[in-house]
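Chains as they are written, first to last, in my numbering: chain L, 1 to 338; chain V, 1001 to 1338.
Just so you know, even glycine gets a beta-carbon here, dropped at the ideal spot from N, CA and C.
Data first, discussion second: the structure below is written as structure tokens.
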Amino acid sequence: MKNGNVLQVEDLYLYFATKRGVVQAVDGVNLALPRSSAMVILGESGCGKSSLARAILRLLPRNVHTYAGRILLDGQDVMALDEDSFRENVRWVRVSMVPQAAMNALNPVIRVGDQVAEPAIVHLGVTKEEAWEMARRMFRYVGVPEGFLNRYPFELSGGMRQRVAIAMALVTSPSLIILDEPTSALDVLTQANIMNTLKRIKQETGTSYILITHDIATSSDLAEHVAVMYAGQIVEVSNAAAFFSEPLHPYSQKLMASVPRLHGDKELEFIPGRPPSLLNPPTGCRFASRCPLRFGKCDQDPPTFRLGERLVKCWLFEADAELAYPDTTSAHPSEQRR
Amino acid sequence: MTLTAPVDTKATSTTVLLSVRNLRVWFELRKFGLGVAGYVRAVDGVSFDLYEGEAIAVVGESGCGKSSLMRTILGLHRPREGQIIFDGRDISRFTRDELRWYRTRVGYVQQDPYGALPPFMTVRGILEEPLVVAGVKDKQERLERIRQVMREVKMTPVDDFLSKFPHQLSGGQQQRIVIARAILLEPRLLVADEPVSMLDASVRVEILTLLRQLQEQHNLSVIYITHDLSTVRYFSERIFVMYAGQIIEKGPVNEILENPKHPYTWALLAATPEPDPQNVHKFREVPPGEPPSLITPPSGCRFHPRCAKIIHGTCERQVPPGFEVSPEHIVQCWLYEE
Ligand SMILES: Nc1ncnc2c1ncn2[C@@H]1O[C@H](COP(=O)(O)OP(=O)(O)OP(=O)(O)O)[C@@H](O)[C@H]1O
Ligand SMILES: Nc1ncnc2c1ncn2[C@@H]1O[C@H](COP(=O)(O)OP(=O)(O)O)[C@@H](O)[C@H]1O
Ligand code: SF4
Ligand code: SF4
Ligand SMILES: [Mg+2]
Ligand SMILES: [Mg+2]
């Protein structure tokens, strides 16, 4: 293996073409995820989290404008693979996904057992009987009674359907699962149950996770690493312990200040305004219009600075940090195009 | 803008606005050719008083009957038994005209802002409809009231939004329009059914802040329904914990959060996450099993099949009455029998 990272993303771009212009949903993302670990990607709605997930899995809509960068899985650059070999060897085989609102996206007229067996048949080429046996094992794993294999989605509660969606992502034993808002629509006890299940699976199988959510409190159940996304870009990467006790980026600090607490007398804050449109993002720091700490320099785009193990894209850290990607040129795909 | 906890309770009056007495809401289960085959006992013996200007929170797992209770208070379901007394009058005795009047006195912010707004109506149309129904004949007056309420929910400049359709608004803006519609006719009671569960962390705080401002300005009584105990203390004065169609513990917010008595309340609190990096190292405590069937609820204490503290011989057989922890704090659990 080239390095200890199950996933490494370098300068990843995913732009969409729309009638009103180009949506820069993923705009130069760099990430590294060590093997058998979990990273949460936090950020408000519309910051590009799901688009990043789709870019990693190459699940692209028709209106792609730009798709560029490097994606290394266990050190292998899978961006270079053609679509056939990507489908045969990567998607769902080595990386799978539980999509946003998966529990409502199950096929209503197919028994849930068949839906969990299907990825094994399609991607691993096993027989129907073998796949059904694997599905049975997955049901036990995620805590759905085996008797439910023959049921239809409407016969299951929301929490059970979400477990089925997780079983579908697990059945091919991928080394990485991307979970897009896996518990957001569920009540606290069901959330806690599902987080426990994901944790147990990780301990027993060494599966890595990318967890996408805007629920910061729940994410601390799973995440060893935290990445914060704002307006298509990663603005902070930290280990979870450092992040939760001392977020660095002003946006991260504001996000943390919006998390309600059961005890203590901390005031709850919100971030006035909305993230900028990704059609024409601001040229300077994209958070500047909402940032209480902005200063003169912020009308220029800040580079990503490295502070020890942590990365932060904010001018406040220029003095005590080094550049994280010194050799990255400003060769932006949109500029190359011009 | 920030939200502080705990809520100042001094402002609450001692005049009862709404009194719910021994309410039962059962839904008929029909089997073809057999007539009624059983009942879903969604609300099964609920009593409480709500004071003028008071905000209470009803918390519990999904399916425990929270929405059914609220819809009955709104006059949308007929109770099987019990009374709802609003301002001294039993709503089941209302004539059609009185019921129409009643619906202007209670505003409703329903679960799921996306489904709450008719997709093919503009913001103006959505807000105009209740005024037309309420008999405001003058077009200019209607527009003035729409502008006024839009300013109250901070959708300004108003003209930017009047001709927009719901899909052109963010989730937070949609929820503001739902709230605007709910307070348009200047109700005295506002029922907010999971008003923020579908929203981003920061937008959640923004909407809760707005609701609290409106509540204080208009001396509104509010019933806030949620499964998330962490937001409750920023918004409500009392908590009612609901399990399987019944209120099993109630009391002042701080009392319930700092000195909870019912094993189910303990479970809810233990499952409510806070952003703590230690969370990755442990599993959350969750009571075993699923919420019970409301068609054939467990005998005795309805929580007994999942309760670690069960007193065998008593809990399965006898329904626990309310025991007083303090005059304000009542718990239905045999552990507190003198
Ligand atoms: N196929 C597409 N064509 C055009 N624009 C798109 C497309 N898919 C996503 N977008 C836009 O890209 C931006 C990022 O969307 P994305 O779904 O990745 O956000 P997100 O961070 O996952 O948000 P949420 O928390 O609401 O799920 C948004 O402005 C969205 O409208
Ligand atoms: N109109 C209805 N007909 C039959 N059953 C219903 C109806 N509305 C709700 N229920 C049932 O009543 C129970 C309580 O539901 P609900 O009040 O929506 O709970 P909550 O809001 O706490 O999630 C559930 O079992 C639900 O399926
Ligand atoms: S670069 Fe400037 S505007 Fe941007 S987050 Fe840092 S301080 Fe705020
Ligand atoms: S009454 Fe008994 S079973 Fe019910 S919560 Fe109390 S101890 Fe548990
Ligand atoms: Mg998304
Ligand atoms: Mg409900």
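According to DSSP, what are the bridge partners of residue i?
| i | result |
| --- | --- |
| V:Glu-1081 | V:Arg-1024 |
| L:Gln-76 | L:Leu-73 |
| V:Phe-1235 | Answer is none; V:Phe-1235 lacks a bridge partner. |
| L:Leu-323 | L:Phe-305 |
| L:Asn-239 | L:His-225 |
| L:Asn-5 | L:Pro-34 |
| L:His-134 | For the sequence presented, residue 134 of chain L should be read as Met rather than His. Answer is none; L:Met-134 lacks a bridge partner. |
| V:Gly-1107 | V:Leu-1190 |
| V:Glu-1324 | V:Ile-1330 |
| V:Phe-1240 | V:Val-1058, V:Lys-1250 |
| L:Ile-210 | L:Met-39, L:Ile-178 |
What three-state label does DSSP hand residue i in the structure shown?
| i | result |
| --- | --- |
| V:Asp-1375 | Residue 1375 of chain V lies beyond the range of chain V shown here (1001 to 1338); nothing can be said about it. |
| L:Met-168 | helix |
| L:Arg-62 | coil |
| L:Arg-151 | coil |
| L:Gln-191 | helix |
| L:Arg-338 | At L:Arg-338, the pLDDT of 32 sits below 50, so the modelled position is not reliable; the number obtained from the coordinates is stated separately. Coil at L:Arg-338, not helix or strand. |
| V:Lys-1066 | helix |
| L:Ala-185 | coil |
| L:Thr-283 | coil |
| L:Asn-229 | First, the amino acid is wrong: residue 229 of chain L is Met here, not Asn. Looking at L:Met-229 - three-state DSSP - the assignment turns out to be strand. |
| V:Arg-1181 | helix |
| L:Val-126 | coil |
| V:Ser-1293 | coil |
| V:Ile-1311 | coil |
| L:Leu-179 | strand |
| V:His-1329 | strand |
| L:Ser-330 | The pLDDT assigned to L:Ser-330 is 48, lower than 50, so where the model puts this residue is not dependable, and the model offers no usable value. |
| V:Asp-1112 | coil |
| L:Ile-41 | strand |
| V:Lys-1031 | strand |
| V:Phe-1303 | coil |
| V:Val-1196 | coil |
| V:Arg-1142 | helix |
| V:Ala-1042 | strand |
| L:Gln-264 | Here residue 264 of chain L turns out to be Gly, not Gln, going by the sequence shown. L:Gly-264: coil per DSSP, three-state reduction. |
Would you give the residue range spanned by the alpha helix (DSSP H) that residue i belongs to?
| i | result |
| --- | --- |
| V:Val-1132 | 1123-1133 |
| V:Lys-1154 | No alpha helix (DSSP H) holds V:Lys-1154; DSSP gives it neither H nor E. |
State the start and end residues of the unbroken beta strand (DSSP E) segment that holds residue i.
| i | result |
| --- | --- |
| V:Glu-1206 | That residue, V:Glu-1206, is in no beta strand (DSSP E); its alpha helix (DSSP H) goes 1201-1218. |
| V:Gly-1251 | 1246-1252 |
| L:Ser-50 | Taken as a continuous stretch (DSSP letters only), L:Ser-50 belongs to no beta strand (DSSP E), being part of the alpha helix (DSSP H) at 49-57. |
| V:Thr-1226 | 1221-1226 |
Within 6 Å: the Cβ of residue i and any heavy atom of ligand 7?
| i | result |
| --- | --- |
| L:Arg-87 | Annotation note on ligand 7: not contained in the displayed structure, which lists ligand 1, ligand 2, ligand 3, ligand 4, ligand 5 and ligand 6 as its ligands. |
CA-CA distance, residue i and residue j?
| i | j | result |
| --- | --- | --- |
| L:Gly-4 | L:Pro-281 | 35 Å |
| L:Arg-137 | V:Ser-1221 | 51 Å |
| L:Lys-19 | V:Arg-1188 | 46 Å |
| L:Phe-270 | L:Val-64 | 33 Å |
| L:Ala-165 | L:Ala-117 | 11 Å |
| V:Leu-1076 | V:Gln-1110 | 13 Å |
| L:Gly-158 | L:Lys-313 | 38 Å |
| V:Val-1059 | L:Leu-156 | 23 Å |
| L:Gly-113 | V:Ile-1207 | 41 Å |
| L:Arg-87 | V:His-1262 | 52 Å |
| V:Glu-1141 | L:Ile-216 | 45 Å |
| V:Arg-1124 | L:Ser-277 | 25 Å |
| V:Glu-1338 | V:Glu-1255 | 20 Å |
| L:Glu-335 | L:Ile-178 | Confidence at L:Glu-335 is low in this model, with a pLDDT of 46, below 50, so its placement is unreliable and the value that follows should be read with caution. L:Glu-335 and L:Ile-178: Cα-Cα distance of roughly 30 Å. |
| L:Pro-34 | L:Val-95 | 14 Å |
Checklist entry - What residues from the stretch 250-278 of chain L come within 9 Å of chain V, judged by C-beta to C-beta, listed N to C? => result Flagged, chain order: Lys-254, Leu-255, Met-256, Ala-257, Ser-258, Val-259, Pro-260, Arg-261, Leu-262, His-263, Gly-264, Asp-265, Lys-266, Glu-267, Leu-268, Glu-269, Phe-270, Ile-271, Pro-272, Arg-274.
Item to check | Selection of the stretch 1043-1062 of chain V by Cβ proximity to chain L, strictly under 7 Å | outcome: Cβ contacts with chain L come from Glu-1061, Ser-1062.
Next on the checklist: Closer than 9 Å between beta carbons: that is the criterion. Which residues of the stretch 216-238 of chain L meet it against chain V?
Outcome noted: For the stretch 216-238 of chain L, which is checked against every Cβ of chain V, the residues closer than 9 Å are Ile-216, Ala-217, Thr-218, Ser-219, Ser-220, Asp-221, Leu-222, Ala-223, Glu-224.
Checklist entry - For the stretch 1243-1255 of chain V, which residues have a beta carbon sitting closer than 9 Å to at least one beta carbon of chain L? => result Taking 9 Å as the upper bound on Cβ-Cβ separation, chain L lies near no residue of the stretch 1243-1255 of chain V.
Checklist entry - Mind listing which residues of the stretch 1314-1325 of chain V have their C-beta closer than 7 Å to chain L's C-betas, in chain order? => result Contact residues of the stretch 1314-1325 of chain V toward chain L are absent (C-beta to C-beta distance below 7 Å).
Next on the checklist: Can you pull out the residues from the stretch 1170-1183 of chain V whose beta carbon lies closer than 7 Å to at least one beta carbon of chain L?
Outcome noted: Within the stretch 1170-1183 of chain V, the residues whose Cβ lies closer than 7 Å to some Cβ of chain L are Ser-1170, Gly-1171, listed in chain order.
Checklist entry - In the stretch 1205-1222 of chain V, which residues sit with their C-beta less than 8 Å from some C-beta in chain L, listed in chain order? => result Residues Val-1205, Glu-1206, Leu-1208, Thr-1209.
Checklist entry - If contact means a Cβ-Cβ distance below 7 Å, which residues of the stretch 29-45 of chain L contact chain V? => result So the list reads Glu-44, Ser-45, given in the order they occur along the chain.
Item to check | Chain-ordered residues of the stretch 149-183 of chain L with a beta carbon less than 9 Å from chain V | outcome: Within the stretch 149-183 of chain L, the qualifying residues are Ser-157, Gly-158, Gly-159, Met-160.
Checklist entry - Between the stretch 183-195 of chain L and chain V, which residues of the former have a C-beta closer than 9 Å to a C-beta of the latter? => result When C-beta distances to chain V are compared with 9 Å, the residues of the stretch 183-195 of chain L below that value are Ser-184, Ala-185, Leu-186, Asp-187, Val-188, Leu-189, Thr-190, Gln-191, Ala-192, Asn-193, Met-195, in chain order.
Checklist entry - the stretch 1291-1306 of chain V: which residues have C-beta closer than 7 Å to a C-beta of chain L, in chain order? => result So nothing in the stretch comes that close.
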